[in-house]
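Before any comments, here is the structure.
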Amino acid sequence: MKTAVNTSANSEFAPNLLVGLREEFEQRILAWQTTSDHMPTIWVDRKDLTSILIYLRDKAEPRFEMLFDITAIDERVRVHRLGQPESEFSVVYHLMSFSGNRDFRIKVPLMDADLNIPSIVSLWPSANWYERETWDMFGINFEGHPNLYRIVLPPTWEGHALRKEHPARATEMEPFSLEDEKAEEEQNALLFNPEEWGMKRKSENSEFMFLNLGPNHPSVHGAFRIAVQLDGEILVDAVPDIGYHHRGAEKMGERQSWHTYIPYTDRIDYLGGVMNNLPYVMAVEKMAGIEVPERVKTIRIMLAEMFRICSHLLFYGTFAQDVGQLSPIFYMFVERERIFNIIESICGARMHPGWFRIGGVAQDLPEGWESRVRELLDFMPPRIDEYDKMVLNNGILKRRTQGVGAYSTQQAFDWGVTGAGLRATGFEWDFRKNRPYSGYENFEFDVPIAVNGDCYDRCAVRVEEMRQSLRIIKQCVDNMPSGHYKADHPLTTPPRKEKTMEDIETLINHFLSVSWGPVIPPTEVTMAIEGTKGINSYYLVSDGSTTSYRTRIRTPSFAHLQMIPEISRGFMVADLIAIIASIDFVMADVDR
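Quick look at the structure:
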């Protein structure tokens with residue numbers, strides 16, 4: 060049944076786009092869905108998917124240059140689906156327009172008996188891993204995909220983990236046992252077969268050599284494996300193999316309450332700390348209609364920028380180490396520890412404070428916070444200048460990284476690259492500037508860019524970002540608003556603790572908010588931020604309960620690792636190490 064397209068809610072957002080869609084596809088749009096994030100969302104039949112995506116990429120006003128995400132929703136036990144087409148599973152496509160500075164969401168309804176949909180790898184190469192992940196987690200078959208096999212779960216895994224019937228806890232399954240026969244089967248499944256990876260064993264002139272880099276090599280920055288195909292010393296191909304760090308973070312998001320899931324978000328980009336909390340709590344606040352006080356926004360920005368500096372310092376030191384310079388990492392870890400001491404004095408914890416809350420932060424800033432933060436503003440700038448002399452101006456590092464692993468802005472769009480990797484190509488786009496959130500519109504800072512898009516430029520951009528973060532932190536200290544550290548909205552979780560002593564009803568409400576969590580109205584929201592490694596977003600679906608119906612975490616590192624073969628062919632193994640280091644990723648951010 061067709062639902063009339065509601066242009067009134069979205070005409071202000073993108074009038075030319077809506078007019079164009081109506082002219083081209085009016086009879087083929089099954090429904091127009093209203094969501095709390097006001098992102099235009101249409102439902103289309105799978106037979107029309109490719110033509111609509113081509114239109115949005117090539118002809119629409121504005122054009123949508125990037126495929127930001129692909130995921131799915133198991134709709135079978137969902138209650139609140141008013142106005143949406145009949146569907147047992149839906150595939151969700153999220154497109155980004157940088158030229159028009161807006162997003163677009165497309166949904167395709169599918170029934171469990173026929174979970175087939177066309178692959179769009181030919182439109183965006185970044186779709187490859189997203190489609191594999193969706194098949195892995197939901198069992199949806201992407202027809203025409205070049206290599207549709209498991210990507211996050213082991214090849215011997217049975218079932219599809221994000222289906223609603225799949226257990227969420229080990230206590231719901233049989234006790235684990237590993238018999239000898241099963242162990243042998245698991246080991247055999249891990250054996251390397253070049254043909255399964257799309258590789259040939261020899262060319263007309265020579266036989267290729269295959270090298271396993273990882274999954275426990277220090278230069279791959281975590282449990283990460285790259286199958287390298289070599290012709291002598293030259294890289295013919297380098298195929299990433301992920302999933303060794305998968306913990307089921309999205310599945311956990313669907314079993315925890317809205318409130319108790321916050322600490323899990325810290326462990327996604329585990330170098331980003333409370334910055335991981337931010338898109339999640341903002342998404343819940345958007346669904347609940349919570350407007351946080353200005354003081355909360357500024358506190359969140361200050362802490363997020365501290366973690367950006369900590370993350371970039373670790374990147375900077377390990378980047379230099381991976382190309383042969385050992386000293387810088389020891390110096391940079393000293394500064395990183397000094398910043399963690401300041402963070403601990405405010406949040407009570409260092410790397411994973413889990414400090415942001417729905418509607419605010421855990422508690423107000425402690426006495427003496429201002430002097431501690433000003434210490435950072437005093438000691439950090441001269442240290443960054445010193446590191447420039449030590450690292451960026453080092454001739455050996457320049458020769459190892461300049462001209463290596465370069466890509467263009469268009470390639471970045473094709474592969475879903477965001478953050479410093481995109482800005483290093485000369486494209487000036489930062490979520491904090493172009494789509495300000497949490498009060499970033501009130502701050503003055505520059506967006507660093509480079510021009511060559513190579514390993515060196517990606518490092519240089521992040522170094523300058525640290526200086527800009529210090530500018531932002533200084534403005535936070537100089538202009539910290541007064542007021543409450545948490546909103547007074549009834550769905551704020553938990554309510555401010557000092558009110559629990561006023562009456563028994565408030566105490567009960569506080570207890571229920573912590574133990575069960577708030578009941579969030581049925582809706583859908585995507586909230587994104589400029590994370591330490593690129594754009595990080597949470598797509599949350601509420602079915603009017605105390606838990607999330609669907610939690611989707613779109614992380615930048617997942618897209619960035621997929622590009623490794625594209626930018627490493629023709630180089631040597633030593634260059635591949637520099638390329639890996641320049642991407643700046645952590646495997647928890649990739650595998651979730």
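According to my numbering, numbering within the sequence shown proceeds without interruption in unit steps and concludes at 651. No residue lacks a Cβ here, since even glycine has one placed at the ideal position from N, Cα and C. Just so you know, these numbers come straight off a predicted model, no measurement behind them.
Checklist entry - Okay, do the region 601–620 and the region 502–518 touch, 3+ Cβ pairs below 8 Å being the bar? => result no
Checklist entry - Where does R400 land, buried or exposed, given buried means 16+ other C-beta within 10 angstroms? => result In the sequence under discussion, the amino acid at residue 400 is Asn, which differs from the Arg named in the question. Taking all protein chains in view, the Cβ of N400 is surrounded by fewer than 16 other Cβ atoms within 10 Å, so the residue is classified as exposed.
Item to check | Cβ of M232 within 9 Å of any chain D Cβ | outcome: Here chain D cannot be found, since the structure has a single protein chain.
Checklist entry - Measuring CA to CA, which of M196, G159, R164, K545 is closest to A220? => result M196
Item to check | According to DSSP, residues forming a beta bridge with K166 | outcome: In the DSSP secondary-structure assignment, K166 is bridged to W102, V151.
Checklist entry - With which residues is W91 paired in a DSSP beta bridge? => result I101
Item to check | Within 9 Å, strictly: CB atoms of V211 and E192 | outcome: yes
Checklist entry - With which residues is M419 paired in a DSSP beta bridge? => result Note on identity: in this sequence residue 419 is Gly, with Met being the wrong assignment. For G419, which the question treats as bridged, DSSP gives the partners R416, K545.
Next on the checklist: If contact is defined by three or more beta carbon pairs under 8 Å, each pair taking one atom from either stretch, is the region 461–469 in contact with the region 315–325?
Outcome noted: no
Item to check | Buried/exposed call for M60, threshold 16 Cβ in 10 Å | outcome: Here M60 scores only 36 on pLDDT, less than 50, and its place in the model is too uncertain to base an answer on.
Checklist entry - Going by C-alpha distance, which of D650, A587, M525 is nearest F374? => result Of D650, A587, M525, the residue nearest in Cα terms is M525.
Item to check | Contact set for W575: own chain, Cβ-Cβ below 7 Å, skip 5 residues either direction | outcome: S316, T605
Checklist entry - Which class does Q143 belong to by DSSP, given the choice of helix, strand or coil? => result coil
Next on the checklist: Determine whether the beta carbon atoms of Q470 and N187 lie at a separation below 9 Å.
Outcome noted: no
Next on the checklist: In the DSSP assignment, the beta strand (DSSP E) including S47 goes from what residue to what residue?
Outcome noted: Nothing can be reported for residue 47, as the shown portion of the chain is limited to 60 through 651.
Item to check | Residue burial classification, A242 (beta-carbon count within 10 angstroms, cutoff 16) | outcome: Residue burial annotation: A242 is exposed, with fewer than 16 other C-beta atoms found within 10 angstroms of its C-beta.
Next on the checklist: Give me the residue from C406, D643, I132 with the minimum Cα distance to S146.
Outcome noted: I132
Next on the checklist: When you compare the CB positions of W194 and G475, do they come within less than 9 Å of one another, or not?
Outcome noted: no
Checklist entry - Do V151 and I129 come within 9 Å of each other at the CB atom, strictly closer than that value? => result yes
Next on the checklist: Whether or not the region 352–359 and the region 536–544 are in contact is what I'm after, with contact meaning three or more pairs of Cβ atoms, one per stretch, closer than 8 Å; do they touch?
Outcome noted: Yes, since at least three Cβ pairs between the region 536–544 and the region 352–359 fall closer than 8 Å, the two stretches touch.
Checklist entry - Where does L330 land, buried or exposed, given buried means 16+ other C-beta within 10 angstroms? => result buried
Checklist entry - From this set, L250, R105, W428, which residue's C-alpha is nearest C535's C-alpha? => result Closest option to C535, Cα to Cα, is W428.
Checklist entry - Rounded to whole angstroms, how far is the Cβ of I327 from the Cβ of A647, which I believe are closer than 8 Å? => result 6 Å between Cβ atoms; contact.
Checklist entry - Would you say G418 and T552 are within 9 Å of each other, going by their C-beta atoms? => result Cβ atoms of G418 and T552: closer than 9 Å.
Checklist entry - First and last residue of the alpha helix (DSSP H) that includes R359? => result 353–381
Item to check | Opposing strand residues paired with I636 [DSSP bridges] | outcome: The partner list for I636 (beta bridge, DSSP) is empty, contrary to what the question assumes.
Checklist entry - According to DSSP, which residues form a beta bridge with Y598? => result T585, R611
Next on the checklist: I need the DSSP call for D516, collapsed to helix, strand or coil.
Outcome noted: helix
Checklist entry - With 16 other CB atoms within 10 Å as the buried threshold, where does N275 fall? => result exposed
Next on the checklist: Please list the terminal residues of the continuous beta strand (DSSP E) segment that includes L481.
Outcome noted: L481 -> not in any beta strand (DSSP E); alpha helix (DSSP H) instead, spanning 479–482.
Item to check | Distance between P121 and S75 (C-alpha atoms, nearest Å) | outcome: At residue 75 the sequence reads Asn, which differs from the Ser that was named. N75 and P121 have their C-alpha atoms roughly 8 Å apart.
Checklist entry - What span of residues does the beta strand (DSSP E) with I293 cover, start to end? => result For I293, the enclosing beta strand (DSSP E) stretches over residues 293–300.
Item to check | Element boundaries [alpha helix (DSSP H), containing M391] | outcome: For M391, the enclosing alpha helix (DSSP H) stretches over residues 386–406.
Item to check | With 16 other Cβ atoms within 10 Å as the buried cut-off, status of S627 | outcome: buried
Item to check | Contact under 9 Å by Cβ, H304 with F283 | outcome: yes
Item to check | Proximity of S596 and I579 at Cβ, strictly below 9 Å | outcome: Remark: C-beta atoms of S596 and I579 do not approach each other more closely than 9 Å.
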